[in-house]
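Residue numbers (my numbering): 1 to 332. Using N, Cα and C, we set each Cβ at its ideal position, and we do this for glycine too.
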Ligand code: TRP
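Okay, here's the thing in structure tokens:
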């Protein structure tokens, strides 16, 4: 039970007073790996008691890439299962999907009218896409504006994101400032909270752990898969410390424990890899089993998602009443 949430006085939106609002969106992108977990996902679990948390599946954003209903649905459910399995507690965290708050698209439109094309053309994500010579869709071009709407409609204080999303949070601040200047003070200015640790999680080949390098250890891997992956971690035969094994190991054990273990087994790569596999297995087994349990009861999972959507929608609607008033589309 979250003592803070139940005992704290609430304001009209049901938000516990005094807690900062933390919000972040997640796009479906296949199986998460331990780099994703330690770099990003875990932060939501760690912050859920101290912040008012809003975590959502950015399904509208995902549509820029996923244009298949079945795939989008599956991707959305997977994220919800992943997050519940790692310990997001729906009592503490409002877990929802973006499309249950369609007001963000309305706000996105309003923001579009005060945002210029040259400004959006300076976005890294757009420039990268253009450099690849893609025929960029309008949704991709407008991505930062929809994201600003996600953030600002919930009055978010803190937005934990990976480094690649830093500019998008700056865009949200800029757009909030512009709106406030043009129509009057409505939006809080959000701050990013950059998750650095993901940068330092190496994959089994020593490069940064990333799906695109095919060097990951999946977060919900089965025991034999973990073992196999650990045994295949690339080691440098010139040194005595298998750097890549050690670096991954630091995610699971403290330094003192590891120093002793690696000291005692100098040069014995197989033993060290087995020790790492055992530690990863001990960590993964309970969350993997929890995920399986959750997946057996999809109705309960959907009920959580629906309740989250209802709450997020109600807050968004309150905010939009003010916005509609300010811009002049509200009559009755
Ligand atoms: N763009 C983010 C990503 O790719 C996902 C996202 C969408 C998001 N809306 C958001 C993140 C609002 C934080 C806040 O990871």
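Buried versus exposed, by CB contacts within 10 Å (16 or more), residue i
i           : result
residue 123 : buried
residue 131 : exposed
residue 67  : exposed
residue 279 : buried
residue 267 : exposed
residue 3   : Because the pLDDT at residue 3 is just 32, under 50, the model does not fix this residue reliably, and the point stays unresolved.
residue 314 : exposed
residue 133 : exposed
residue 321 : exposed
residue 202 : buried
residue 32  : buried
residue 259 : exposed
residue 299 : exposed
residue 215 : buried
residue 138 : exposed
residue 257 : exposed
residue 10  : Legend: pLDDT at residue 10 = 47, less than 50; position of this residue unreliable, no value from coordinates given.
residue 329 : exposed
DSSP three-state assignment for residue i, whether helix, strand or coil
i           : result
residue 18  : coil
residue 186 : coil
residue 332 : coil
residue 26  : strand
residue 52  : strand
residue 276 : helix
residue 88  : coil
residue 4   : Any reading at residue 4 needs caution, since the residue's pLDDT is 36, under 50, leaving its predicted position unreliable; the model's value is listed next. Three-state DSSP puts residue 4 in a helix.
residue 202 : strand
residue 208 : strand
residue 167 : helix
residue 139 : helix
residue 242 : coil
residue 123 : coil
residue 65  : coil
residue 234 : coil
residue 78  : helix
residue 155 : coil
residue 134 : coil
residue 281 : helix
residue 39  : helix
Bridge-paired residues (DSSP) for residue i
i           : result
residue 194 : 161
residue 57  : 26, 97
residue 33  : 218
Beta-carbon proximity check, residue i vs residue j, cutoff 8 Å
i           : j           : result
residue 230 : residue 277 : yes
residue 114 : residue 182 : yes
residue 34  : residue 217 : yes
residue 46  : residue 21  : no
residue 48  : residue 88  : yes
residue 166 : residue 192 : yes
residue 233 : residue 273 : yes
residue 94  : residue 149 : no
residue 302 : residue 85  : no
residue 44  : residue 98  : no
residue 189 : residue 177 : yes
residue 312 : residue 96  : yes
residue 361 : residue 153 : Missing from the structure shown is residue 361; the chain here goes from 1 to 332 and no further.
residue 112 : residue 145 : yes
residue 271 : residue 219 : no
residue 100 : residue 309 : yes
residue 143 : residue 64  : yes
Extent of the continuous beta strand (DSSP E) run through residue i
i           : result
residue 251 : Segment: none, residue 251 is in no beta strand (DSSP E) and carries neither H nor E.
residue 93  : 93 to 97
Extent of the continuous alpha helix (DSSP H) to which residue i belongs
i           : result
residue 47  : 42 to 47
residue 324 : 298 to 327
residue 110 : 103 to 112
residue 224 : 223 to 231
residue 257 : 255 to 264
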